[in-house]
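A.B. asks: Residue numbers (the working numbering), protein chains in the order written: chain A, 8 to 121; chain B, 52 to 163. Each residue gets a CB set at the ideal place from its N, CA and C atoms; glycine is no exception. Bear in mind the structure is a predicted one, so any value in this text is a computation, not a measurement.
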Amino acid sequence: NAGVMQNPRHLVRRRGQEARLRCSPMKGHSHVYWYRQLPEEGLKFMVYLQKENIIDESGMPKERFSAEFPKEGPSILRIQQVVRGDSAAYFCASSTGVSNQPQHFGDGTRLSIL
Amino acid sequence: GESVGLHLPTLSVQEGDNSIINCAYSNSASDYFIWYKQESGKGPQFIIDIRSNMDKRQGQRVTVLLNKTVKHLSLQIAATQPGDSAVYFCAEEIQGAQKLVFGQGTRLTINP
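(1) Whole angstroms is fine: what's the gap from B/N73's alpha carbon to B/L126's?
(2) Does any CB atom of chain A fall closer than 7 angstroms to the CB of B/P60?
(3) To which residues does DSSP link A/M12 through a beta bridge?
(4) Which word fits B/T131, buried or exposed, when buried means at least 16 other C-beta atoms lie within 10 angstroms of its C-beta?
(5) How should A/A9 be labelled, buried or exposed, when 16 other C-beta atoms within 10 angstroms of its C-beta is the threshold for buried?
(6) Quick one: which chain A residues come within Cβ less than 8 angstroms of B/Y83?
(7) With a threshold of 6 angstroms on Cβ separation, who are the neighbours of A/N14 within its own chain once the five nearest residues in sequence on each side are excluded?
(8) From the DSSP output, in three-state form, read off A/D63 for me.
(9) Looking only at its chain, what residues have a beta carbon closer than 7 angstroms to the beta carbon of A/W41, apart from the 5 residues adjacent to it on each side?
(10) Contact defined as beta carbons within less than 8 angstroms: I believe A/N60 pairs with B/R102. What is the distance between those atoms, to the nearest angstrom?
(11) Considering only residues of the same chain and omitting the five flanking positions on each side of A/P77, which have a CB-CB separation below 7 angstroms?
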């Protein structure tokens, strides 16, 4: 499967715990994007990363949220001290980074906060 | 084209008819547009794209039209099939920014 892979598909956390969402980009892609989607809404941009660099984090909440894309391994979106409002579907996309080329999405992680 | 948190607009069509889904985008600096299809429990799936130097592009059973004057995008699906049932999103990429701004989405339902 050469598509964007996200895991876990479903994640349940209690308030105050940490959530770690993983994303492996499509083969040949070195640019990763994270989006958040609430029910019945469109996706909202969170952060754009290349290997070892954060390019644009204008959509990330200032506190509790962080993202990385290390030289080896998947991209990680980390949410510390989760609250009920963090419940959402989190999608990762990847691209070649060339302008005017589509981003391809994974099937997301559904995060539920108890 | 920002989502405002309301229930999704719905379009119902008869199987075999053509579907037209519309989208108003927000930024005149956007130079690249994509239509995505999202089925329940899945991620957005790329359908077709268009650059701002074009006003029409055709794929297999789908056509995208771009009107930059009024900042309007449409997706036409020919001979709609049950498998076309999904939520359809337009997305715009602001020149040089790489990130996508998604529209509200339209739920397409097919009547047999």
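C.D. replies: This is what the structure holds:
(1) Their Cα atoms are separated by approximately 6 angstroms.
(2) B/P60 does not count as touching chain A.
(3) Answer is A/S31.
(4) With 16 or more other Cβ atoms within 10 Å, it is buried.
(5) It counts as exposed.
(6) Listed along chain A are S106, N107, each with a C-beta nearer than 8 angstroms to that of B/Y83.
(7) These residues qualify, in order along the chain: R29.
(8) Strand, per DSSP.
(9) The residues are M53, V54, A74, L84, Y97, C99.
(10) With 8 angstroms as the limit, A/N60 and B/R102 do not qualify as a contact, their Cβ atoms being about 27 angstroms apart.
(11) Closer than 7 angstroms at Cβ, skipping near neighbours: E59.
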